[in-house]
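Here's the structure we're looking at; comments come further down.
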Amino acid sequence: MATLNYRTRANSSPNGKAKIYFCCHPDDFAPHFEKISGDILELYNCAVYYRDESGDGPAELTDFDLQQMNLFVVPVTTRLLTRPDGVCTRELDIARDANIPVLPILLESGLDAAFTKQFGNVQYLDRYAADDTAIPYKEKLKTFLEAVIVGDELAEKIRSAFDAYIFLSYRKKDRREAQKLMRLIHENDFARDVAVWYDEFLTPGEDFNDLIAQALEKSSLFVLAVTPNVVNEMNYIMNIEYPMAVERGKPVAPVEMVPTDAQELQRQYKGIPQAVPSNDAAGLAGLLKEKLSAVALSGSADPRHLFFIGLAYLSGIDVEKDADRAVTLLKSAADVGLDEAMEKLTDMYYYGDGLPQDYEEALRWQQKLGDKYGAIADASRRDVDLVVLIRHRMRYGDLALGAKMFEQARSTYETVYEASKMLAFGSASKSRVGRLFGAAKKLTGRNDFFSDAVYDMTVCCRSLMDIYGDMGFVEKASEWGAKGANLGSTAADVLDDPRISGELMKLYGRMGSLCLDSGSIAGAEQWFAQEDSLVPDGAEPSARLAGIRVHRHYSRLEEAKGNVQQAAEYDWTACKRCYSLYEEY
Numbered sequence: 000m001a002t003l004n005y006r007t008r009a010n011s012s013p014n015g016k017a018k019i020y021f022c023c024h025p026d027d028f029a030p031h032f033e034k035i036s037g038d039i040l041e042l043y044n045c046a047v048y049y050r051d052e053s054g055d056g057p058a059e060l061t062d063f064d065l066q067q068m069n070l071f072v073v074p075v076t077t078r079l080l081t082r083p084d085g086v087c088t089r090e091l092d093i094a095r096d097a098n099i100p101v102l103p104i105l106l107e108s109g110l111d112a113a114f115t116k117q118f119g120n121v122q123y124l125d126r127y128a129a130d131d132t133a134i135p136y137k138e139k140l141k142t143f144l145e146a147v148i149v150g151d152e153l154a155e156k157i158r159s160a161f162d163a164y165i166f167l168s169y170r171k172k173d174r175r176e177a178q179k180l181m182r183l184i185h186e187n188d189f190a191r192d193v194a195v196w197y198d199e200f201l202t203p204g205e206d207f208n209d210l211i212a213q214a215l216e217k218s219s220l221f222v223l224a225v226t227p228n229v230v231n232e233m234n235y236i237m238n239i240e241y242p243m244a245v246e247r248g249k250p251v252a253p254v255e256m257v258p259t260d261a262q263e264l265q266r267q268y269k270g271i272p273q274a275v276p277s278n279d280a281a282g283l284a285g286l287l288k289e290k291l292s293a294v295a296l297s298g299s300a301d302p303r304h305l306f307f308i309g310l311a312y313l314s315g316i317d318v319e320k321d322a323d324r325a326v327t328l329l330k331s332a333a334d335v336g337l338d339e340a341m342e343k344l345t346d347m348y349y350y351g352d353g354l355p356q357d358y359e360e361a362l363r364w365q366q367k368l369g370d371k372y373g374a375i376a377d378a379s380r381r382d383v384d385l386v387v388l389i390r391h392r393m394r395y396g397d398l399a400l401g402a403k404m405f406e407q408a409r410s411t412y413e414t415v416y417e418a419s420k421m422l423a424f425g426s427a428s429k430s431r432v433g434r435l436f437g438a439a440k441k442l443t444g445r446n447d448f449f450s451d452a453v454y455d456m457t458v459c460c461r462s463l464m465d466i467y468g469d470m471g472f473v474e475k476a477s478e479w480g481a482k483g484a485n486l487g488s489t490a491a492d493v494l495d496d497p498r499i500s501g502e503l504m505k506l507y508g509r510m511g512s513l514c515l516d517s518g519s520i521a522g523a524e525q526w527f528a529q530e531d532s533l534v535p536d537g538a539e540p541s542a543r544l545a546g547i548r549v550h551r552h553y554s555r556l557e558e559a560k561g562n563v564q565q566a567a568e569y570d571w572t573a574c575k576r577c578y579s580l581y582e583e584y
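Numbers 0 to 584, taken from numbering that gives the first Met the number 0, label the letters of the sequence shown in order.
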């Protein structure tokens, strides 16, 4: 029997943590699970679950368990693409049917075409990307996780938004009945904002009695999932949980999930009320209302409250996952202008989180958010509002580019470039700096806007260069690249902003590659030399990666010159440095 097992930071309890499922070809588990789960856990305090065929996991793996995951991560290898596995395929079908985001991670070079043929136009990460101009794998992974996973700080705000907690008591062998009961409780609208605590998994080393006592303390109601298993043998509920609840004066609500001897239940659980059958919807609603009568069930329509409760149902935080309810709540909050709700809906449509993936709808919500701040900036004429507007417009361009909607990305980046230019010149003027790059070596105070605006301009130049290059307009790509390089080099001389220096390095490298592709070896040599001059000293991974990029560019350059031996030496040095980083990290 396959069981559900997990890996967490420092072997901590998975309860309450975001759920990521490692879905793979069975032969890919041993060589890849540790490193991929390690990448994820380094960035996020979550639980990475996996199918354990040895049966050593704490619970049987069910379809319901898979449907409760927040994300599926799929290591993509030649094995997966050429030797399909029925179990893996079925699990991915469950994820797609439940609108759970799927993140493929390519673990071998040269799989792009085969992957696209089998998976279609699905975005993926390449752990060993050879594209020197690409955003680093870890940075992309972090961005993806931030879009679909709720972090610890936000999770605490969500938990604080609930009106009350129910303590759900059940035998571990009745786990499916407990999950069903949680869904039945929330079918009642009045219980929408009531969370349910239940000990899904036990972790070695935990003091379970203390854990139960703490959970009971914050709970307003003790609900017992009644099955023959709670009466046919001595058990923890009978000896510890139920007596503890009675001692603390907690109301008790038994719900019969499977027909059970009522007299035996009364005999073994002194003073327990009569159980309500789980198929009696009206009876269950009445029981819950009666037992929760002392709790002020708000049913609040406050947008921020709706946002938090919506996130709870989207991610399954102390409630079961319910994407339909989550979307309804989040749209209610977004429709009255809550920024966080609009941002979340953008992410949900973009990544297919709780909804079918829809780039057009994702961009519509991002556009709506930008329009809101466009109106604010027009009315206030304040730099601070223009900065927020630029951030939202920039994100629209990034999302459009990621979705390969090049025309929308191009027009957006050009608009953002002009807005950033206006902000940069405006900030300089207001600070009595007569020219854009005056004598002052470092601008301070309100000129944080200045530095931000110049950085945004260089990013827009690089993005527009890439877009025009992909569209085949080499001259236009060179024009934007040169504009960004000129701006960035001038700014880097007077502004102490490592972001601008980093963008400038990328621009030099891209311009060199563009020259090579166009047959201009002399131009490529000039741009690569400028890129090389900006590589920072030190043993930091970012500095070493920059050096690796330069060596790869020199390898291409020497190959274009016909110096095969020199090209191979540069390439070999880059490979050795890559391997050294891999071994360390």
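In this text, a Cβ means the ideal position worked out from N, Cα and C, and glycines have one as well.
Notebook entry, point to check: Are there three or more Cβ pairs, one per stretch, closer than 8 angstroms when the region 100-117 is compared with the region 64-72?
Noted result: They touch, by the three-pair rule.
Next item on the list: Provide the residue(s) that pair with Pro103 in DSSP beta bridges, ordered along the chain.
Entry: DSSP output for Pro103 lists Val73 as bridge partner(s).
Check: Which residue comes first and which comes last in the beta strand (DSSP E) that contains Thr2?
Finding: DSSP places Thr2 in the uninterrupted beta strand (DSSP E) bounded by 2-7.
Next item on the list: Look up Phe21 in the DSSP assignment and say whether it is helix, strand or coil.
Entry: DSSP, read as helix, strand or coil, puts Phe21 in strand.
Notebook entry, point to check: Do you know whose CA, among Val549, Asn187, Asn44, Gln122, lies nearest Leu533's CA?
Noted result: Nearest of Val549, Asn187, Asn44, Gln122 to Leu533, Cα basis: Val549.
Next item on the list: Count the other C-beta atoms from every protein chain shown that fall within 10 angstroms of the C-beta of Met470, then say buried if there are 16 or more, exposed otherwise.
Entry: Classification of Met470: exposed, given that the 10 Å Cβ count is below 16.
Note to self: Please report the distance separating the alpha-carbon of Asp589 from that of Ile499.
What the structure shows: The structure shown does not extend to residue 589, since the chain is modelled only from 0 to 584, so the question has no answer here.
Checklist line | Environment of Asp495 [buried if 16+ CB atoms lie within 10 Å] | finding: Answer is exposed; the Cβ neighbour count stays below 16.
Check: What separation, rounded to the nearest whole angstrom, lies between the Cα atoms of Asn120 and Ala113?
Finding: Straight-line spacing of the CA atoms in Asn120 and Ala113 works out to 12 angstroms.
Next item on the list: Could I get the ranges of all uninterrupted alpha helix (DSSP H) runs contained in the region 517-560, with 4 residues as the minimum, in chain order?
Entry: The region 517-560 contains these whole alpha helix (DSSP H) runs: 520-532, 540-560.
Notebook entry, point to check: How about Pro253 and Ile271: are their beta carbons less than 8 angstroms apart?
Noted result: Yes, they are a contact pair.
Item checked: Environment of Glu319 [buried if 16+ CB atoms lie within 10 Å] -> With a 10 Å radius around the Cβ and a threshold of 16 neighbouring Cβ atoms, Glu319 comes out buried.
Notebook entry, point to check: Per the contact definition of three or more C-beta pairs closer than 8 angstroms, is the region 145-162 in contact with the region 320-334?
Noted result: Short answer: they don't touch.
Notebook entry, point to check: Rounded to the nearest angstrom, how far is the Cβ of Lys249 from that of Ser218, given a contact under 8 angstroms?
Noted result: Cβ atoms of Lys249 and Ser218 come within 8 angstroms of each other, at about 7 angstroms.
Next item on the list: Find out if the Cβ-Cβ distance for the pair Cys460, Leu506 is shorter than 8 angstroms.
Entry: Yes; because the gap between Cβ atoms is below 8 angstroms, this pair is in contact.
Check: Can the beta-carbon of Gln122 be found closer than 8 angstroms to that of Leu80?
Finding: Taking C-beta atoms as the reference points, Gln122 and Leu80 fail to come closer than 8 angstroms.
Item checked: Gly546 beta carbon less than 8 angstroms from that of Glu530 -> No.
Next item on the list: Take Ala399 and list the residues in its own chain whose beta-carbon comes closer than 7 angstroms to its own, dropping the five residues that flank it on each side.
Entry: Cβ neighbours of Ala399 beyond the five flanking positions: Leu362, Gln407, Ala408, Thr411.
Next item on the list: In the DSSP assignment, find the alpha helix (DSSP H) that holds Leu91 and state where it starts and stops.
Entry: 85-96 is the span of the alpha helix (DSSP H), which, as asked, contains Leu91.
Next item on the list: Measure the alpha-carbon distance for Thr572 versus Val563 and round it to whole angstroms.
Entry: About 14 angstroms.
Check: In three-state DSSP terms, what is Ser488?
Finding: DSSP places Ser488 in helix when its eight states are reduced to three.
Notebook entry, point to check: Under 8 angstroms, do Ala244 and Ala177 count as touching if we go by C-beta distance?
Noted result: For Ala244 and Ala177, no; Cβs fall outside 8 angstroms.
Check: When you compare only the Cα positions, how much space is there between Glu52 and Leu60?
Finding: Those two C-alpha atoms are separated by around 10 angstroms.
Check: For Pro302, which of Lys575, Asp338, Arg50, Tyr312 has the nearest alpha-carbon?
Finding: Ranking Lys575, Asp338, Arg50, Tyr312 by Cα distance to Pro302 puts Asp338 first.
Check: Does the distance from the C-beta atom of Ile165 to that of Ile184 stay below 8 angstroms?
Finding: Yes, Cβ-Cβ distance for Ile165 and Ile184 is below 8 angstroms.
Item checked: Helix, strand or coil at Glu232 according to DSSP, with G and I counted as helix -> Residue state, collapsed to three classes: coil.
Item checked: Cα-Cα separation, Lys269 to Val230 -> If you draw a straight line from the Cα of Lys269 to the Cα of Val230, it is about 12 angstroms long.
Note to self: To test your reading of the DSSP string, which unbroken beta strand (DSSP E) runs of 3 or more residues are found completely within the region 319-379?
What the structure shows: If we require 3 residues or more, the region 319-379 turns out to have no beta strand (DSSP E) run fully inside it.
Note to self: Taking the beta carbon of Asp403 as the centre, do at least 16 other beta carbons fall within 10 Å, making it buried, or is it exposed?
What the structure shows: Checking the displayed sequence, the identity of residue 403 turns out to be Lys instead of Asp. Counting C-beta atoms within 10 angstroms of its own C-beta, Lys403 has fewer than 16 neighbours from the protein chains shown and is therefore classed as exposed.
Notebook entry, point to check: Nearest-angstrom Cα distance between Pro227 and Gly56?
Noted result: Cα to Cα, Pro227 sits roughly 24 angstroms from Gly56.
Notebook entry, point to check: CA-CA distance, Cys23 and Arg89?
Noted result: Between the alpha carbons of Cys23 and Arg89 lies a distance of about 11 angstroms.
Checklist line | For Ser219, three-class secondary structure by DSSP | finding: Ser219 sits in coil when the DSSP states are folded into three classes, being neither helix nor strand.
Margin query: So, for Trp526: in the same chain, excluding its five sequence neighbours on each side, which residues have a beta-carbon less than 7 angstroms away from its beta-carbon?
Written below: Tyr507, Met510, Gly511, Cys514, listed in sequence order.
Note to self: Could you compute how far the alpha carbon of Arg394 sits from the alpha carbon of Lys139?
What the structure shows: Whole-angstrom Cα-Cα distance: 14 angstroms.
Margin query: Can you tell me whether Arg191 is helix, strand or coil according to DSSP?
Written below: Per DSSP, reduced to three states, the secondary structure at Arg191 is coil, with no helix or strand assignment.
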